[in-house]
Amino acid sequence: MSGDYARRVPPRALPVAMAAVVGVLYATGSLLRWGGDAFITWAEAGAAGAAAVSLLLSARRSGGGTPDSPPGGVWTASWRWYGIAAASWFAGAVGAALIDGYRRSALSLSVPDLFYLLALVALVIGLVAPIRLPRDAGTWLRYAADTYVCACALFVLGWVALFGTLYDRSGESPPEFLLELLYPLIGIVFVCGALPFVLGAARGHRRLAWMGYGALAAIAAADVVTTFVRLDGGGPADDPSDILRLAGLLLLLLVPWTGPAAEPPPPVDDIPDDIRDDVAEPDAAVRPSGEQGRMIGPGIAPAAIAAAAAMFIAGHSLTGHNGLEPGISIVAGTAALVLIARLAGLLRENDALRRAVETGEDHFRALSESINDAVLICDVDATVQYASAGALRTYHYEPDELLGRPLHEIVHPEDLPRVEDVFHEVLDEESVDEALRVSCRVRAADGTWLPTESTISRYSGSDGAPTRLLVTTRDLSEQAALQRQVAHLTFHDGLTGLPNRSYFEERTREVLSRHEPSGGEVAVVFVDLDGFTAVNDSDGHAAGDQVLAQAARRLRATVHADDTVARWGGDEFAVLVQLPPDDGETRATVELAGRLLRALSVDPYQVGTKHIVLTASVGIAFAGDFAGDEERPAGPAGNAAEAGRRLRRTAADLLRNGDLAMARAKELGGGRVEVYAPHMHADVVRRLELGSDLQQALAEEEFAIEFQPMVDLATSRVTGVEALLRWWRGSEAVPPEEFIGTAEESGLMVPLGDWVLREACREVARWRADAWDIGLSVNFTARQIAAPRFVESVAAALAETGLAPQALTLEVREEVLVEDAGQNIERLSELRDLGVRLAIDDFGTGYASLAYLGQLPVDVIKIDPSFVAGLGSDETRTLLTRTIVRLGSDLGLTVVAEGIERPEQLAALREMGCPRGQGFLVARPMAAGRVESLVRTNLEGHAPSGDVPLPLPG
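Numbers 303 to 1256, taken from this note's numbering, label the letters of the sequence shown in order.
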């Protein structure tokens, strides 16, 4: 029933009270004969008509299909049949009033009598409508036997108490007298036949069934009284049966007004047969005691009536009334035989029910023993009445050790209030009848506390009150251990076993939240392994993992016990340091950083049979050194949310500063310790702004190319140019050393390099088209060479501009040959196969120079300016420069000296036989137009005699 419809049902007290008032008035009027027979007859007709209207309208409304009406089904069917019964009785009463005759003999049936009989039939149909009728013949046979025993017992009682004496006085034959008793006999059969169905009605249908049965019994009793009065010679004034009939009709009138006690179940016909059979005939082992009682009830009721009849007859005989007619003896005898057979059947049914209960208990016990969970059955005081074998697996108790013990004795005191609340909620009759879950700790037999989860449900008696509790408990020890393991993995690094970045950040916030300015200093130390990428590239990631694990052990062994060491990510580590208040906090942290640096750098790392030596870059930041602190409010946070935000900012600033200090140490060459200073953050901000400006400059074509000539030192003839990138931000020239690094970090060097290559190739190709034998050199960084399709982009630039591959020289620094050497050398070799020339820039400054000369087909080596700067003043550098020139000559390589700025340097190089050179003394970088003038002047004004003055004009 929908909530809206239920709210529209009027309160039950009012209609019941009104019906009671009407009944009292009618009874008074009937006994005092107000208005005579007409009043009684028409009052009966009015009550029947009112009941018919009430019932039929209610049936139509409930089955009308409106959105807020309850679904049609057993209630509607019962109301409809009850309404038909009341309508038939109304028709019979009106007919009787018109005929104006008193209740007639059964020998002279009239049309009103047919309506009365139809009313009884309709009443019985409405009574059994909400009840599932049995389908097997055995049940019908038992019901027929019960009806027969009950009817015989009531008939014998009526005969002995009322009609036996009347039969003796009447002088009628037995058949004639039995016809006089037709109405009482029909009523007795209907009352006894309907009784088993009413006793077996489900809880939700009992009120509906019993009100209909009460109406049927009242009408049947009225017929008995009327027949007795008529056979005894009395008239309408002596007959009080109208009060009983009106009571029955008023009961029908009240049926729709009282309403169902609860939401009615769905119509039986709407349930699939297999499910309906299971629901209608539940296994006796699991059927509540009240349900079993309703099964046995239909058999016990006729037996009880027969026993009462026997006692009454025995008492009647003892008082001297011994003359029982043969017919009555036959009826009593057959009823006794049927009753004996029925009792034998009841004994068999009871034995079957007992075996079913035992089987159900065996099934329940087998089921509870087969699962790992502990199954407990407790009384409403939570005292254990049954414990399965799972109690040993879950609680480590033998099942017998739990019997009779209250559960609160083994529940942890801190969890006990929550558990008691759940028990009270389960036991509350007003709560929803469903299982509830609760987690708590339970004391095991060895005294340890086990995490458990229990499901608690209740069993209720026929009155709805809870009688037992079913508690199913699962041990969560393995789940709790798994959760701890997952939590550990969530906040720890699987390779090193150290806490991870998430844990370190949370730990930093926690420490800062408790930190007081007068309580010492909080600092973070960031550590990065220098050269670790080369280990991965050369020896593989497995070797790198071994290095990281060894580094983690060294860090953990170096710090104090209360310091937190974490793996920040990759080859970076972080240490959270808490220092007591004294005057040497900063010094102590710097000393710790120095120890960490030595621990990671002094001893080599053992990887298989190899010994790998690495250094480290270490950065330190203290909790008070935050960029932008002057912009923050000095007072305490106004609320908890603001305090949390400030704490997160503080922790983030501290970690950022430590990372910046470490990056600064790495920029300065690594193997050192740097303490954070505010300018580091300003440098980062400046680089970020510069990166944004670079991107905008590339889009707006603010870049230009200048060319620095390279000459034959013997003739001063221009043999080539080196393309150099220039950036004009407005009217201001930005030095390359300020933006090249930022372009590398931001990834803009790749598109910038492509643009430089194409523009420079286009200019030189145009010069060569004018018969100028001039070459082009372009610098490439490691990131450009590692970019996807690097070889294809160089080949495309040559094809697009028409420059011959032999005219292009790619200059690479030595670190390109060290970082990811295999891939870089492979790509450079592919370009060399295309005809492009290769040059090593700044030759002689790194350990890889000589090693890679044998692996890479190099055409040109360019002497680093630091060697050229020492010519004439530094004998060592002069000797090294002479060696490089001789090495290049012996290997057939072109040697170019960079950074020629003084005449004595030029003279020394010429004396050594260095073939080529460039520098400010030779020619400064210049625009393409000036290069054209320089080359034209060089070609037209001077012969290749070697006396061309330097610097070259232009």
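Every residue gets a Cβ at the ideal spot worked out from N, C-alpha and C, and that includes glycine.
Sequence-distant residues of its chain with Cβ nearer than 7 Å to Ala967 (five each side left out)
Along the sequence shown, one-based indexing puts residue 967 at 665. Cβ-Cβ distances below 7 Å link Ala967 to Ser919, Val920, Gly921, Arg974, Val975 and Glu976 in the same chain, with the five nearest sequence neighbours on each side left out; the list follows chain order.
Beta-carbon gap between Ala421 and Ala387 smaller than 7 Å
Numbered from 1 along the sequence shown, position 119 holds the residue referred to as residue 421. Numbered from 1 along the sequence shown, position 85 holds the residue referred to as residue 387. Yes, the pair counts as a contact, with Cβ atoms nearer than the cut-off.
Nonlocal neighbours in the same chain, by C-beta distance under 6 Å from Asp1139, ignoring five residues either side
By one-based count along the sequence shown, residue 1139 stands at place 837. In the sequence under discussion, the amino acid at residue 1139 is Arg, which differs from the Asp named in the question. Closer than 6 Å at the Cβ level, and outside the excluded window around Arg1139, lie Thr1111 and Asp1161.
In angstroms, rounded to a whole number, what distance separates the CA positions of Gly1231 and Val1023?
Walking along the sequence shown from the start, residue 1231 turns up at place 929. Walking along the sequence shown from the start, residue 1023 turns up at place 721. Whole-angstrom Cα-Cα distance: 13 Å.
Got a sec? Which residues, its chain only, sit under 6 Å from Gly366 by beta carbon, not counting five neighbours each side?
Locating residue 366 in the sequence shown gives position 64, counting from the first residue. Its pLDDT being 44, under 50, Gly366 is placed unreliably in this model, and the value from its coordinates should be taken loosely. Closer than 6 Å at the Cβ level, and outside the excluded window around Gly366, lies no residue.
Taking only the alpha-carbon atoms, compute the straight-line gap between Arg988 and Asp1166 and give it to the nearest angstrom.
On the sequence shown, position 686 is the one that residue 988 refers to. On the sequence shown, position 864 is the one that residue 1166 refers to. Going from the Cα of Arg988 to the Cα of Asp1166 covers about 30 Å.
Supposed contact pair Cys1063 and Thr1103 - C-beta distance, whole angstroms, cut 8 Å
Reading the sequence shown from its first residue, position 801 is the one you call residue 1103. Reading the sequence shown from its first residue, position 761 is the one you call residue 1063. Separation of the CB atoms of Thr1103 and Cys1063 is rounded to 4 Å, and the pair is thereby assigned contact status at 8 Å.
Using three-state DSSP, classify Gln1010 as helix, strand or coil.
On the sequence shown, residue 1010 is found 708 positions in, with the first residue counted as 1. Three-state DSSP puts Gln1010 in a strand.
Could you tell me how far apart the beta carbons of Thr792 and Leu957 are, in whole angstroms, since I believe they sit closer than 8 Å?
On the sequence shown, residue 792 is found 490 positions in, with the first residue counted as 1. On the sequence shown, residue 957 is found 655 positions in, with the first residue counted as 1. Here Thr792 is actually not in contact with Leu957; their C-beta atoms are around 19 Å apart, not less than 8 Å.
Which listed residue (Leu551, Arg1204, Leu464 and His983) has its alpha carbon closest to that of Thr528:
As a first step, residue 528 must be located in the sequence shown, where it is residue number 226. Answer by Cα proximity: Leu464.
Please report the distance separating the alpha-carbon of Phe834 from that of Thr798.
Counting from one through the sequence shown, the residue named residue 834 turns up at place 532. Counting from one through the sequence shown, the residue named residue 798 turns up at place 496. Their Cα atoms are separated by approximately 16 Å.
Closest by CA to Trp391, which one among Leu468, Ala517, Gly473 and Arg437?
Position 89 of the sequence shown, counting from 1, holds the residue named residue 391. Residue Ala517 holds the alpha-carbon nearest to the alpha-carbon of Trp391 among Leu468, Ala517, Gly473 and Arg437.
State whether the segment 714-723 contacts the segment 674-681, with contact taken as three or more CB pairs (one from each stretch) at a distance under 8 Å.
Touching, no.
Does the beta-carbon distance from Thr696 to Asp777 come in below 7 Å?
The residue labelled residue 696 in the question sits at position 394 within the sequence shown. The residue labelled residue 777 in the question sits at position 475 within the sequence shown. The Cβ-Cβ distance between Thr696 and Asp777 falls below 7 Å.
Using CA atoms only, rank isn't needed, just tell me which of Val423, Thr661 and Leu429 is closest to Trp377.
The count along the sequence shown starts at 1 and reaches residue 377 at position 75. The candidate whose alpha carbon is nearest that of Trp377 is Leu429.
Where does Ile712 fall in DSSP's three states?
Along the sequence shown, read from residue 1 onward, the residue named residue 712 stands at position 410. Correct three-state label for Ile712: coil.
Would you call Glu1065 buried or exposed, if buried means 16 or more other Cβ atoms sit within 10 Å of its Cβ?
Translated into positions along the sequence shown, residue 1065 becomes position 763. Per the 10 Å Cβ criterion, buried.
Is Ala349 buried or exposed, if buried means 16 or more other CB atoms sit within 10 Å of its CB?
Reading the sequence shown from its first residue, position 47 is the one you call residue 349. Burial is judged here by how many other beta carbons sit within 10 angstroms of a residue's own beta carbon; Ala349 has at least 16 and is buried.
Please classify Pro753: does DSSP put it in a helix, a strand, or coil?
Taking the sequence shown and counting its residues from 1, one reaches residue 753 at position 451. Here Pro753 sits in strand by DSSP.
Under the DSSP definition of a beta bridge, which residues are partnered with Arg1019?
To locate residue 1019, count along the sequence shown from 1; it is residue 717. Per DSSP, Arg1019 has no beta-bridge partner at all.
From this set, Asn1126, Arg1070, Pro1090 and Phe1145, which residue's C-alpha is nearest Gln1108's C-alpha?
Taking the first residue of the sequence shown as position 1, residue 1108 is located at position 806. Comparing Cα-Cα distances from Gln1108 to each of Asn1126, Arg1070, Pro1090 and Phe1145, the minimum goes to Arg1070.
Under the three-state reduction of DSSP, which class applies to Thr1103: helix, strand or coil?
Translated into the one-based positions of the sequence shown, residue 1103 becomes position 801. Thr1103 sits in a helix when the DSSP states are folded into three classes.
Residue range of the alpha helix (DSSP H) that Ala1209 falls in?
Residue numbering aside, residue 1209 sits at position 907 when the sequence shown is read from its first letter. Start and end: Pro1205 to Met1214.
Since Glu292 and Val824 should fall inside the 8 Å C-beta cutoff, what is the C-beta to C-beta distance between them, to a whole number of angstroms?
Absent from the model: residue 292. The displayed extent of the chain is 303 to 1256, so no value can be given.
Where Val877 sits in the DSSP three-state scheme:
Numbered from its first residue, the sequence shown carries residue 877 at position 575. Val877 falls in the strand class under three-state DSSP.
Roughly how many whole angstroms lie between the Cα atoms of Thr690 and Ser756?
To locate residue 690, count along the sequence shown from 1; it is residue 388. To locate residue 756, count along the sequence shown from 1; it is residue 454. According to the sequence shown, residue 690 is Ser rather than Thr. If I take the Cα positions, the gap works out to 14 Å.
Classify Val904 as buried or exposed, calling it buried when 16 or more other Cβ atoms lie within 10 Å of its own Cβ.
As a first step, residue 904 must be located in the sequence shown, where it is residue number 602. The Cβ neighbour count for Val904, taken over all protein chains shown within 10 Å, is under 16; the residue is labelled exposed.
C-alpha gap between Phe1222 and Gln998, whole angstroms:
Start at 1 with the first residue of the sequence shown, and residue 1222 comes out as number 920. Start at 1 with the first residue of the sequence shown, and residue 998 comes out as number 696. Distance between the alpha carbons of Phe1222 and Gln998 is about 32 Å.
How big is the Cα-Cα spacing for Ser1247 and Leu1158?
In the sequence shown, counting from the first residue as 1, residue 1247 sits at position 945. In the sequence shown, counting from the first residue as 1, residue 1158 sits at position 856. For Ser1247, the predicted structure reports a pLDDT of 40, less than 50, and the residue's modelled location is therefore unreliable. The matter cannot be settled from this model.
Minimum length 4: unbroken alpha helix (DSSP H) runs contained in the segment 771-859
For the segment 771-859, whole alpha helix (DSSP H) runs of length 4 or above, ordered along the chain, are 779-792, 803-816 and 834-841.
To which residues of the same chain is Leu996 closer than 7 Å at the C-beta, ignoring the five residues directly before and after it?
Here residue 996 refers to the residue found at position 694 when the sequence shown is read from its first residue. Cβ within range, chain order: Phe1041, Thr1044, Ala1045, Ser1048 and Leu1050.
What residue does the alpha helix (DSSP H) around Glu1047 start on, and which one ends it?
In the sequence shown, residue 1047 corresponds to position 745, counting from 1. Pro1038 to Ser1048 is the span of the alpha helix (DSSP H), which, as asked, contains Glu1047.
Given this structure, state the Cα-to-Cα distance separating Leu1236 from Asp832, to the nearest angstrom.
Counted from its first residue, the sequence shown places residue 1236 at position 934. Counted from its first residue, the sequence shown places residue 832 at position 530. If I take the Cα positions, the gap works out to 47 Å.
What's the gap between the Cα of Ala1099 and the Cα of Ala1089?
Translated into the one-based positions of the sequence shown, residue 1099 becomes position 797. Translated into the one-based positions of the sequence shown, residue 1089 becomes position 787. As the crow flies, the alpha-carbon of Ala1099 is around 15 Å from that of Ala1089.
In its own chain, which residues sit with a C-beta less than 6 Å from the C-beta of Val861, not counting the 5 before and 5 after it?
In the sequence shown, residue 861 corresponds to position 559, counting from 1. Within the same chain, Val861 has close Cβ partners Val867 and Val877.
Exposed or buried, which one is Arg547 when buried takes at least 16 other CB atoms within 10 Å?
To locate residue 547, count along the sequence shown from 1; it is residue 245. So Arg547 counts as buried.
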